[in-house]
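Engineer:
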Amino acid sequence: PRSRSRSKRSARCGGSGYKGRMGIHELRVASAEVKRMVQKRKPVEEVRQQAIREGMTTLLQDGILKVLRGDTDFKQVRAVCIK
Numbered sequence: 006p007r008s009r010s011r012s013k014r015s016a017r018c019g020g021s022g023y024k025g026r027m028g029i030h031e032l033r034v035a036s037a038e039v040k041r042m043v044q045k046r047k048p049v050e051e052v053r054q055q056a057i058r059e060g061m062t063t064l065l066q067d068g069i070l071k072v073l074r075g076d077t078d079f080k081q082v083r084a085v086c087i088k
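Read left to right, the sequence shown gives residues 6 to 88 (this note's numbering).
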């Protein structure tokens with residue numbers, strides 16, 4: 006998503022209120038259980054749910070955290086995460 010510019014309507018952002026780009030991330034180091042599930046070719050959604058149970062932050066969750074910090078807005082996160 007684009008990051009919110011501190012100067013809402015400056016020439017630097019072309020009047021959009023945004024400048025630059027910021028990543029949102031979903032990263033999980035695989036546990037022994039997740040590795041076992043992958044080896045057994047479990048469905049991706051089952052592996053994902055196990056990773057979430059183990060504390061993985063999803064792409065959408067990371068985006069929402071950045072909205073709450075004021076780095077971007079939900080419209081930008083939704084454009085990336087929700088199809």
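Where a beta carbon is used, it is the ideal one built from N, C-alpha and C, also for glycine.
Remember, predicted model here, so these are calculated numbers, not experimental data.
1. Gly75 and Cys86 - do their beta-carbons sit closer together than 8 Å?
2. Please classify Ala56: is it buried, with 16 or more other beta-carbons within 10 angstroms of its beta-carbon, or exposed?
3. Would a C-beta distance cut-off of 8 Å place Val43 and Val34 closer than the cut-off?
4. Can the beta-carbon of Thr77 be found less than 8 Å from the beta-carbon of Lys71?
5. Three-state secondary structure (DSSP) at Gly28?
Structural biologist: Let me spell this out:
1. Cβ atoms of Cys86 and Gly75: not closer than 8 Å.
2. buried
3. no
4. yes
5. coil
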